[in-house]
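Step one of this worksheet: look at the structure below.
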Amino acid sequence: MKKIYKSIALSIVLLAGACNLDGDLNNPNQVSVAGADVNLIMNAVQLDFGDWYFTASSSVDPLMRMNAMTGGYRYQTANQPQSLDGLWFSSYQSVLINAETLIPLAKAKGLSRHVAVAELLEAYVWVTLVDIFGDVPGTEALQGAAGKFNPVADGGAAVYQHALDLINDARSNLTASSPAIARDVYYNGNVANWTAFANTLELKMQMNMAQIPGQAASANARIAVLLNGTTNIIDSEAENFTYKYGTATVPDSRHPMYNAHYTPTKGGAGGFIANYYMYQTFGIWDSNNPTDFSSAVQDPRWRYYWYRQVGSTAQMYAVDPKAVGCTPAAPPPHYLANHEIFCIFDPGFYGRDHGDAAGTPPSGPVQTCFGIYPAGGKLDNTSTSSTNFFGSTIRGDGANGAGIAPIWMSWYTDFVRAEFLARTGNIAGAQTAMQAGISNSITQIRNFATAKGFSLSATNSPSTTNYKTAVDGLFTAATNKLDVIGMEFYKAVWGNGIEAYNLYRRTSAPRNMQATLQVNPGVWLRTQVYPSAYVNLNQNAKQKDAQSVVKTFWDNNPETLN
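Residue 73 is where the sequence shown starts when you use our numbering, and the numbers rise one by one after that.
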């Protein structure tokens, strides 16, 4: 555990004869913390936060059937403690310790904006650690050489309160007169947008805390204020909170998802998208014809999310009969009984089923790849009638990796509003907010592609009106309106596993997600296992019971999730 703390190690060599220890211990090549450049530390905090966010999102999106869970057939084998060490280190070693180093230095220099940004990014990390792991070290962490090297975990509620305190202090600092941040990769120095982010981060937290019976009334009251139309929150395209990737090769600044599917070798894609998520985001399928894509009402976003390297499943076999590593005609009995999508589906989609840990076939040239949003890949502009199409990816295709991490988009706020209004009984308002979320996401995702120089042909652009009408039909017919809102929110947060994970625990939506490929996968992880670096190096840490449901403090959903 000592790796997560800032420490100063001094090696003293005692030599014969008299010496001046103070003078001898001053290293002219080592810059003291007090002499550090605040703007350089600010750069590190912002850049590390972007890398950290992708790692955090990736740690839970396989649980949400977004990227495929392929590390094991059971949840406990697919989610190993050592696989989470990188997230733990980047949280404590990078973002948190650098933010804590920056804040007092910036305060001493009167750089209130630097303080505010550091506080907000730190708060987001603390909140996410609680959302993913539950109780985590807080009070006794980040104390430097004089601190404790085996910090006890604080309760999630206490860490949330600390994050709220940071947000409140940041809001105050944003109102103070202060020099601008030399390089602001998120909002280019726009104080109003940082204020919107501060308020939206609180909104995100309050939505979770509203699940606690004793806090529901106060949380709902605060949510109502934040959503009253006069509070500055992220509700426009210009306010979207994203980390922007570049196209440089050295150092590689491309989106990590792009690098996985657009390699220097043509057709070298590695790592699978979850079949379930691609199936749901293709559109609203006819329940009487669940595999007939011609009868589905297509979602206008799917061509931006995904890029099909082949136009049909038949073409996959034509390219390489060994490319498909499953047998479409032989789904497991529990998939067949529940009419689950399995293996591959037309028009030309090939991912991996939930919990399929089989070896990787030579699927790189034919499997479905990440599209232009948010990965900076290719726009899928191939007609669904072009069954013989074959066009594998290679680095440089599409936007060459100039994608984004969609940390909070304005349409997320629309869906949160819809969820809140449905919970509080305003069904008509919830429907309107949900439709706004659908419209805004479609428009802004299209704008994102257009800004990169790509647009769909008119014949390949699904009708937004038809899709929204189909969703309205589902909403009207639904007994539980949150089921429809939750599914639409889930489909709109592609690239953000964190919000999908929170949504599912709050609402149980989307319901009836694809089951694991094998039966009896063990308990679904309502919090992730602790990283091995934490439990192996901290004498006060204890790993969670793999057979028990361990919830974070705000998760009071009584339903069984899987």
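All C-beta atoms in this analysis are idealised placements derived from N, C-alpha and C, irrespective of residue type, glycine included.
* Asked: By how many angstroms is the C-alpha of residue 455 removed from the C-alpha of residue 602?
  -> For the purposes of this step, residue 602 is identified with residue 530 of the sequence shown, where counting begins at 1. For the purposes of this step, residue 455 is identified with residue 383 of the sequence shown, where counting begins at 1. One C-alpha to the other measures close to 45 Å.
* Asked: How would you label residue 94, buried or exposed, when you count the other beta carbons within 10 angstroms and need 16 or more for buried?
  -> The count along the sequence shown starts at 1 and reaches residue 94 at position 22. Per-residue confidence for residue 94 stands at a pLDDT of 47, beneath the threshold of 50, marking its modelled position as unreliable; the derived number appears in the next sentence. Label assigned to residue 94: exposed.
* What residues in its chain sit with their C-beta under 6 Å from that of residue 177, if we drop five residues either side in the sequence? -> In the sequence shown, the residue the question calls residue 177 occupies position 105. Correct list, in chain order: 110.
* Asked: Which full runs of the alpha helix (DSSP H) of 4+ residues lie inside the region 549 to 618, going along the chain?
  -> 553 to 564, 569 to 579 and 604 to 609
* To do: Name the two residues that bound the continuous beta strand (DSSP E) containing residue 313.
  => Counting from one through the sequence shown, the residue named residue 313 turns up at place 241. From DSSP, the beta strand (DSSP E) with residue 313 extends over 313 to 316.
* To do: Please state if the CB of residue 146 and the CB of residue 594 are separated by a distance shorter than 8 Å.
  => The sequence position of residue 594 within the sequence shown is 522, counting from 1. The sequence position of residue 146 within the sequence shown is 74, counting from 1. Their beta carbons are under 8 Å apart, which means residue 594 touches residue 146 by this criterion.
* To do: Could you check the C-alpha separation between residue 359 and residue 398 for me, to the nearest Å?
  => The sequence position of residue 359 within the sequence shown is 287, counting from 1. The sequence position of residue 398 within the sequence shown is 326, counting from 1. Spanning the two alpha carbons is a distance of roughly 24 Å.
* To do: Indicate the three-state DSSP secondary structure (helix, strand or coil) for residue 370 in the structure shown.
  => Residue 370 sits at position 298 when you count from the first residue of the sequence shown. Here residue 370 sits in strand by DSSP.
* **Selection from 119, 529, 565 and 564 that minimises the alpha carbon distance to residue 315** => Locating residue 315 in the sequence shown gives position 243, counting from the first residue. Comparing Cα-Cα distances from residue 315 to each of 119, 529, 565 and 564, the minimum goes to 119.
* To do: Starting from residue 198, trace the alpha helix (DSSP H) both ways and give me its first and last residue.
  => The count along the sequence shown starts at 1 and reaches residue 198 at position 126. Residue 198 -> alpha helix (DSSP H) spans 184 to 205.
* Take residue 168 and list the residues in its own chain whose beta-carbon comes closer than 7 Å to its own, dropping the five residues that flank it on each side. => Locating residue 168 in the sequence shown gives position 96, where the first residue counts as 1. Closer than 7 Å at the Cβ level, and outside the excluded window around residue 168, lie 194, 197 and 214.
* To do: Indicate the three-state DSSP secondary structure (helix, strand or coil) for residue 442 in the structure shown.
  => Here residue 442 corresponds to residue number 370 of the sequence shown, with the count starting at 1. Three-state DSSP puts residue 442 in a strand.
* Within the same chain, show all residues whose beta-carbon is closer than 6 Å to that of residue 206, passing over the 5 residues directly before and after it, in chain order. => As a position in the sequence shown, residue 206 is number 134, starting the count at 1. Once the five neighbours on either side are set aside, the close Cβ partners of residue 206 are 228, 599 and 624.
* To do: Give the single residue among 574, 589, 592 and 293 whose Cα lies nearest to the Cα of residue 626.
  => Along the sequence shown, one-based indexing puts residue 626 at 554. Of the listed residues, the one whose Cα sits closest to residue 626 is 574.
* Asked: Leaving out the 5 sequence neighbours to the left and right, which residues in its chain are closer than 7 Å to residue 346 when beta-carbon positions are compared?
  -> Counted from its first residue, the sequence shown places residue 346 at position 274. For residue 346, where only same-chain residues beyond five positions count, the Cβ hits under 7 Å are 137, 138, 139, 140, 423, 424 and 426.
* Asked: Hey, residue 199 and residue 235: beta-carbon distance below 8 Å or not?
  -> The residue given as residue 199 occupies position 127 in the sequence shown. The residue given as residue 235 occupies position 163 in the sequence shown. Yes, they are a contact pair.
* Tell me whether residue 495 sits in a helix, a strand or coil according to DSSP, three-state version. => The count along the sequence shown starts at 1 and reaches residue 495 at position 423. Here residue 495 sits in helix by DSSP.
* To do: Less than 8 Å between the CB atoms is what I'm expecting for residue 383 and residue 419, so what's the real figure, rounded?
  => By one-based count along the sequence shown, residue 383 stands at place 311. By one-based count along the sequence shown, residue 419 stands at place 347. About 6 Å separates the two Cβ atoms, so the contact holds.
* Asked: To the nearest whole angstrom, what separates the beta carbons of residue 412 and residue 400, a pair I think is in contact under 8 Å?
  -> Stepping through the sequence shown from its first residue, residue 412 is reached at position 340. Stepping through the sequence shown from its first residue, residue 400 is reached at position 328. So it is not a contact: roughly 12 Å between Cβ atoms.
* Whether residue 572 touches residue 226 by CB criterion (8 Å) -> Numbered from its first residue, the sequence shown carries residue 572 at position 500. Numbered from its first residue, the sequence shown carries residue 226 at position 154. No, they are not a contact pair.
* Asked: residue 244: buried (16+ other C-beta within 10 angstroms of its C-beta) or exposed?
  -> The sequence position of residue 244 within the sequence shown is 172, counting from 1. Answer is exposed; the Cβ neighbour count stays below 16.
* Asked: Nearest CA to the CA of residue 291: which residue from 224, 131, 464 and 282?
  -> Numbered from 1 along the sequence shown, position 219 holds the residue referred to as residue 291. Nearest of 224, 131, 464 and 282 to residue 291, Cα basis: 282.
* By Cβ distance, which residues of its chain are closer than 6 Å to residue 327, with the 5 residues on each side in sequence left out? -> Here residue 327 refers to the residue found at position 255 of the sequence shown. Once the five neighbours on either side are set aside, the close Cβ partners of residue 327 are 317, 447, 448, 473 and 475.
* First and last residue of the beta strand (DSSP E) that includes residue 480? -> Translated into positions along the sequence shown, residue 480 becomes position 408. 476 to 480 is the extent of the beta strand (DSSP E) around residue 480.
* Asked: Between residue 96 and the rest of its own chain, which residues show a CB-CB distance below 6 Å, the 5 nearest in sequence each way excluded?
  -> In the sequence shown, the residue the question calls residue 96 occupies position 24. Because the pLDDT of residue 96 is 47, which lies under 50, any placement of that residue in the model is unreliable, and the number read from its coordinates should be weighed accordingly. So no residue of the chain qualifies.
* Would you check if the distance between the CB atom of residue 633 and the CB atom of residue 578 is smaller than 8 Å? => Taking the first residue of the sequence shown as 1, we reach residue 633 at position 561. Taking the first residue of the sequence shown as 1, we reach residue 578 at position 506. Not closer than 8 Å, so no.
* Asked: Since residue 243 is in the alpha helix (DSSP H), which residue starts that stretch and which ends it?
  -> On the sequence shown, residue 243 is found 171 positions in, with the first residue counted as 1. First-last of the alpha helix (DSSP H) with residue 243: 228 to 247.
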